[in-house]
Structures are given as C-alpha cells and as structure tokens.
Amino acid sequence: PLLSLSPPFLSLSQSSLSVPATVSDVRQGCVLTWESLPLVGYQTYPIKQLSGYQRVVPVGGSSSKQDCSLVVPIDSLQPRAHYRLRLTAACSAADLAYADITVSVDRPTKTTGFKVVPLQGTALQTKFNFSTEHTARSTCSFGFYPPSGPPLFFHTSAYWCMADTTLPAFSAGGSQVRTVVRVCNAQLQCTFTNGPTVQTSLPSAISPTQASSVSMLTSATLRTEELPEAITPAFTALSTTKLLQDKAAYNTVSAGVEAAVIERVNQSS
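To convert, count from 1 in the sequence shown and add 1; that's our numbering.
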C-alpha cells in the first residue's frame with residue numbers, strides 16, 4: 002500500500018480537526034488503523050474512542066485509493082500539546098506500510114471560574130469585580146453585551162485576569178446586563194464564555210460633583226487606554242445619564258467625552 006497524509010485543518014465551525022489521508026493499492030481484507038504514538042515530548046490521544054480509527058477493506062472493496070481521513074473533536078485535544086499520529090495499512094505480514102504526522106495544538110483552554118461580584122447594584126456607582134482563572138500564554142478580556150450588537154470589552158490583559166468596573170442601565174425600570182469573558186492565544190484564536198447576568202438599577206440622582214467625577218474618569222480612560230476598551234466607560238456613562246433625564250449631568254459627561262475624543266484624534270493625526 003501507498004499512504005498519503007495532508008496537513009490537518011479546522012472545520013468551518015472550528016469544532017473539529019480533520020487529518021486528510023488516502024491509501025492506494027489496497028485490496029479486500031486490508032486493515033487501515035490510526036494510532037497515537039507514545040513518544041517523548043508528545044501527548045497520547047485516546048484514538049480508539051473515535052469512530053473510523055480502524056477500517057477493514059470489505060469483500061469487493063478493492064480499490065486503487067481508499068479515503069482514510071480522521072476527524073478529531075477540538076474539545077478532546079489538550080491545549081498547547083503535540084500529538085504524533087500514525088496510519089498503518091496492513092494487508093499481510095509482508096505487505097505493510099505506515100505514515101506519521103504531527104498535530105500541534107495551540108488554543109486557549111476552556112474558561113473556568115468566571116465570576117462577577119456582586120450580582121446586582123446601581124448603574125454607574127456600584128463597582129463590579131470580574132475575575133477568572135488565568136491561563137498561561139493567553140489574554141483575557143472582560144465585557145458585557147449592550148441591548149444589541151457585539152459585546153463591549155473594558156479590560157484586556159495577559160497578566161491580570163481580574164478587573165473592577167461600573168455597569169450601565171439600559172432602561173429606567175431596571176436592567177439585566179449579560180457579562181462575557183474572551184480568552185485568546187498568541188495566534189488570536191479566541192473563545193467566548195458568557196458569565197452571570199447582573200441586575201442594575203438607575204441611581205436616584207447624580208450630583209454635579211459626581212457628574213464631574215464621572216466625566217473626568219471617562220475622559221482620562223479615553224485619552225490613555227487602548228481602543229476599543231477605552232470607549233466602553235464612555236458608553237456606560239452616556240447611556241446611564243441619558244436615562245436619568247438630567248440634562249446637566251448628561252451635558253457634563255458628554256462634554257468630557259467629546260474633548261477626550263478630539264484630543265485623541267488630534268494626537269493620532
């Protein structure tokens with residue numbers, strides 16, 4: 002038999018890894034078997050759990066070429082691991098051939114321990130703590146979903162997977178804010194994990210001093226932090242003060258945001 006292996010590739014859904022393989026010059030009774038080699042520096046994969054890891058060319062199944070591709074679920078692979086796989090075609094003790102291929106995995110681990118404390122509070126005033134277990138060589142980002150559209154992230158770090166933030170209100174009668182954490186590896190392959198839903202309520206009022214403080218903090222973030230995270234506090238401040246129908250507070254915050262945006266644009270031009 003003659004074996005031909007091609008580089009592995011991800012499915013469109015990124016839920017499985019395919020290892021294309023063909024075997025030529027086989028006849029009925031030939032046994033085609035995948036195995037994971039227990040070599041130093043390589044992980045051993047429980048390949049016998051996969052359907053199609055071993056096939057027998059049936060009677061009348063002789064062919065110049067047999068497809069013997071292997072499909073491996075991504076979730077069954079360990080992160081940042083290397084596997085050495087072997088495909089063997091055995092038609093008799095004297096008629097045997099094999100080919101090896103290396104599968105290298107570099108993906109973020111599943112996010113574990115994602116917490117938000119507390120689970121309810123006042124918009125723009127309560128400090129909510131986001132945290133998750135840190136994975137080496139991965140970057141974590143915390144965020145939340147607005148009423149429509151993709152999530153807004155307010156913190157990204159490769160070293161510190163914990164952050165405090167205030168959250169917005171989306172309606173005058175109380176809001177449910179869905180939280181999310183994104184974990185990415187060095188190749189920017191990312192997984193998104195939804196966290197708990199946080200209940201926020203509108204503050205009864207915002208004093209001029211509080212509005213000025215929010216304005217200064219928001220504009221400072223816009224001037225110094227990386228995009229797009231720098232925009233999220235502005236969204237929180239503007240959407241919440243607008244719901245209060247307090248024109249003075251809203252104008253104070255929007256003036257600070259506008260000045261910071263203009264300054265940032267001027268610096269980049």
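Note that CB positions come from ideal geometry on N, CA and C, so glycine has one too.
In this text the structure is predicted, and so the values were computed from the model without any measurement.
Can you find the residues in the same chain that come closer than 6 Å, C-beta to C-beta, to residue 128, ignoring five residues on each side of it along the sequence? Correct list, in chain order: 165.
Taking its Cβ as the centre, do 16 or more other Cβ atoms sit within 10 Å of residue 158, making it buried, or is it exposed? By the neighbour-count definition (other C-beta atoms within 10 Å, threshold 16), residue 158 is an exposed residue.
Among residues of its own chain, excluding the 5 on either side of residue 92, which ones have a beta-carbon nearer than 6 Å to its beta-carbon? 31
Under the rule that 16 or more other beta-carbon atoms within 10 Å means buried, what is residue 105, buried or exposed? exposed
Whole beta strand (DSSP E) runs in the region 132-220 with 3 or more residues, listed along the chain? 140-145, 153-158, 163-166, 176-185, 191-202
Could you tell me the alpha carbon to alpha carbon distance between residue 131 and residue 115, rounded to whole angstroms? 7 Å
Locate the beta strand (DSSP E) running through residue 24, then write down its first and last residues. 22-27
Quick one: is the Cβ of residue 248 within less than 7 Å of any heavy atom of the ligand MN? Absence of the ligand MN from the depicted structure is noted, as is the absence of any ligand whatsoever, leaving it without description.
Take residue 197 as the anchor and find which of 118, 26, 41, 3 has the nearest alpha-carbon. 118
Pick out whichever of 168, 123, 135 has its Cα sitting closest to the Cα of residue 144. 168
So, with DSSP's three-state summary, where would you put residue 81? coil
Please state whether the Cβ-Cβ distance between residue 207 and residue 180 is less than 8 Å. No; because the gap between Cβ atoms is not below 8 Å, this pair is not in contact.
Rounded distance between the beta-carbons of residue 238 and residue 125, thought under 8 Å: 7 Å
Would you list the residues sitting across from residue 124 in a DSSP beta bridge? None; residue 124 has no bridge partner.
Can you tell me which of the three DSSP states residue 103 falls into? strand
Test item: CB-CB of residue 4 and residue 24 under 8 Å: Cβ distance < 8 Å, so residue 4 and residue 24 count as in contact.
Can you grab the Cα-Cα spacing for the pair residue 246 / residue 259, in whole Å? If you take the alpha carbons of residue 246 and residue 259, they lie about 19 Å apart.
So, using beta-carbon positions, are residue 20 and residue 9 closer together than 8 Å? yes
On the premise that residue 222 lies in contact with residue 234, defined as a C-beta separation below 8 Å, what is that separation, rounded to the nearest angstrom? 5 Å
Where residue 77 falls, given that 16 or more other Cβ within 10 Å makes a residue buried: Counting Cβ neighbours within 10 Å, residue 77 comes out exposed, since fewer than 16 surround it.
Excluding the 5 residues flanking residue 264 on each side, which residues of the same chain have their C-beta closer than 7 Å to its C-beta? 224
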